[in-house]
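Asker: Handing you a structure now.
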Amino acid sequence: MLLLALDTATPAVTVALHDGEAVIASSSQVDARRHGELLLPAVDRVLADAGLKLDAVTGIVVGIGPGPYTGLRVGLMTADTFGLALGVPVHGVCTLDGLAHAADLDGPFVVATDARRKEVYWARYADSRTRVTDPAVDRPAEIADEVAGLPAVGAGALLYPDTFPSAHEPQHVSAAALASLAVERLAAGVELPEPRPLYLRRPDAQVPKNYKVVTPK
2 MLLLALDTAT
12 PAVTVALHDG
22 EAVIASSSQV
32 DARRHGELLL
42 PAVDRVLADA
52 GLKLDAVTGI
62 VVGIGPGPYT
72 GLRVGLMTAD
82 TFGLALGVPV
92 HGVCTLDGLA
102 HAADLDGPFV
112 VATDARRKEV
122 YWARYADSRT
132 RVTDPAVDRP
142 AEIADEVAGL
152 PAVGAGALLY
162 PDTFPSAHEP
172 QHVSAAALAS
182 LAVERLAAGV
192 ELPEPRPLYL
202 RRPDAQVPKN
212 YKVVTPK
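For the sequence shown, position 186 matches number 187 in the numbering used here, and the numbering has no gaps at all.
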């Protein structure tokens, strides 16, 4: 097994290789505006660090969000392209699950990432491997009662200390954690979801109202 994992659902552009036993190479850069520019060089760098070629990869793992439309689609389109070119399966993993796995907490806690517009993408977890609510997007004040008293991880939690007073690292998902979680689930016979994006809301770019289609005569 050699899994190539990547995620662009948060400001982090993160890539890792996992051989079924351990992460053998990884790279993470935080830059919310350069996902498309940074992702492929990161893949090349991780493969070079591991001394491997892309055709050695036997599967792709990609974070499916939730996340902003523009960043998230970079990782998903890249993963789909690699899967088609190599003829290997592409597995989706919720980005929040990857953050939860990296947090390695035993008791109940919350993962929250920055959704912009003064909102967070969030979910509650029983432990670092068990999500108990579907991912959602809300203003922090609207979920204060639901998350009261729970530790929290993620950049979204760190942004709103009034709602998440016990927030701490990690801020962003790592592909290393995403790959490790995927390997665990695959080994346990868990069917991973198809790589379909969790947008949770419409993209910022919209067709203007009263838009008129002009056709040539």
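Note that beta-carbon positions come from the ideal geometry of N, C-alpha and C, so glycine has one too.
1) Who does D8 pair with in a DSSP beta bridge?
2) Leaving out the 5 sequence neighbours to the left and right, which residues in its chain are closer than 6 Å to S181 when beta-carbon positions are compared?
3) With distances taken between CB atoms, is the gap from V94 to L179 smaller than 7 Å?
4) Quick check on E120: buried or exposed, where buried means 16 or more other Cβ atoms within 10 Å of its Cβ?
5) Tell me which residues share the same chain as A206 and place their Cβ nearer than 7 Å to its Cβ, disregarding the 5 neighbours each side in the sequence.
6) Could you give the residue range of the beta strand (DSSP E) that holds G93?
7) Suppose the cutoff is 6 Å on Cβ atoms and the five residues either side in sequence are ignored; what does the same chain contact list for A26 look like?
8) Please state the DSSP three-state secondary structure of R186.
9) Decide if the region 146 to 160 is in contact with the region 59 to 67; the criterion is three or more beta carbon pairs, one per stretch, under 8 Å apart.
10) Between which two residues does the beta strand (DSSP E) containing Y122 stretch?
11) Suppose the cutoff is 6 Å on Cβ atoms and the five residues either side in sequence are ignored; what does the same chain contact list for F110 look like?
12) Using beta-carbon positions only, say whether A43 and L3 come within less than 7 Å of one another.
13) Do L40 and G75 come within 7 Å of each other at the CB atom, strictly closer than that value?
Answerer: The short version:
1) T15
2) none
3) Yes. Within cutoff.
4) Its Cβ being crowded by 16 or more others within 10 Å, E120 is buried.
5) Low confidence applies here, because A206 scores a pLDDT of 47, under 50, leaving its location unreliable and the question unanswered by this model.
6) Where G93 is concerned, the enclosing beta strand (DSSP E) stretches over 91 to 94.
7) L18, V47, D50, A51
8) helix
9) no
10) 120 to 128
11) Y126, L151, P152
12) no
13) Rather than Gly, the amino acid found at residue 75 in this sequence is Val. Closer than 7 Å, so yes.
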